[in-house]
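Residue numbers (the working numbering): 431 to 626.
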Ligand code: GLN
């Protein structure tokens, strides 16, 4: 199983380590040939504005959209969730996303870097607990009824907001599953390979 990690910017190594621990053959993706060789992709956390600019500078944006539309299973965490959104609130001028999940994501929704936190979430598919680390995290502000909510978290406004969603074989988390020691989100991604 060739598991790609978009390696333009962000916490590439941590995702690669989790995928390797699950037995995947990990391929850092920086060029088109690498994008063509993989059968799943993680878009890591980092800075979505930078990932967006580099995707375009490396001529990877359009080929990536095409591969996702053709069924490539994809997981975006934090900045990666922002990249997968159809619509964005509080992006910077000219910031583009990949439009892969019919949802609106609010960037930096939980506050600035100092507001990073660790929270216990309820994992909706089985009611279990998942420990999640949030770092300048987004949340899902609006979503199509075809998008499945996998977990929610309380925001500073006191309301619950989706922080993990699935749309077919496209998964997005506002938190960082690659640093929690819990590989269930990555397992869900790898389980979509072949099923897609
Ligand atoms: N706030 C960052 C962004 O807009 C995301 C932070 C993260 O990925 N940890 O991309």
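We put the beta carbon where it would ideally sit given N, CA and C, even for glycine. Note that the structure is a prediction, hence the values are computed from the model and not measured.
| Asked | Found |
| --- | --- |
| Buried or exposed, going by whether 16 or more other CB atoms sit within 10 Å of the CB of residue 524? | exposed |
| Run the CB neighbour count on residue 586, radius 10 Å, all protein chains shown included, and call it buried at 16 or more, exposed below. | exposed |
| Can you check DSSP and say which residues form a bridge with residue 629? | Past the boundaries of the shown model lies residue 629; the chain is included only from 431 to 626, so the question cannot be answered. |
| In the DSSP output, what is residue 483 paired with across the bridge? | According to DSSP, residue 483 bridges with nothing at all. |
| For residue 448, which three-state DSSP category applies? | helix |
| Taking the alpha-carbon of residue 593 as reference, which of 463, 568, 575 and 574 has the nearest alpha-carbon? | 568 |
| For the structure I just gave you, are there three or more beta carbon pairs, one from the segment 465-477 and one from the segment 439-451, closer than 8 angstroms? | yes |
| Considering only the beta carbon of each residue, do residue 418 and residue 580 sit closer than 8 angstroms? | This structure leaves residue 418 out entirely; the chain is present only between 431 and 626. |
| Decide yes or no for the touch test of the segment 545-553 against the segment 507-521: beta carbon pairs closer than 8 angstroms, at least 3 of them. | no |
| Would you call the segment 523-539 and the segment 550-561 in contact, with 3 or more CB pairs under 8 angstroms? | no |
| In whole angstroms, give me the CA-to-CA distance for residue 539 and residue 482. | 19 angstroms |
| What would DSSP say about residue 566, mapped onto helix, strand or coil? | coil |
| When the Cα atoms are used, what is the spatial distance from residue 454 to residue 431? | 5 angstroms |
| Quick one: grab the DSSP three-state call for residue 457. | strand |
| What are the boundary residues of the alpha helix (DSSP H) that residue 547 is part of? | That residue, residue 547, is in no alpha helix (DSSP H); its beta strand (DSSP E) goes 547-553. |
| Going by beta-carbon coordinates alone, are residue 502 and residue 471 separated by less than 8 angstroms? | yes |
| Does DSSP put residue 621 in a helix, in a strand, or in coil? | helix |
| Assuming contact is defined by CB atoms lying nearer than 8 angstroms, are residue 444 and residue 608 in contact in what I supplied? | yes |
| Is residue 536 near ligand 1 - that is, is its Cβ less than 7 angstroms away from at least one heavy atom of it? | no |
| What's the C-alpha gap between residue 565 and residue 467? | 31 angstroms |
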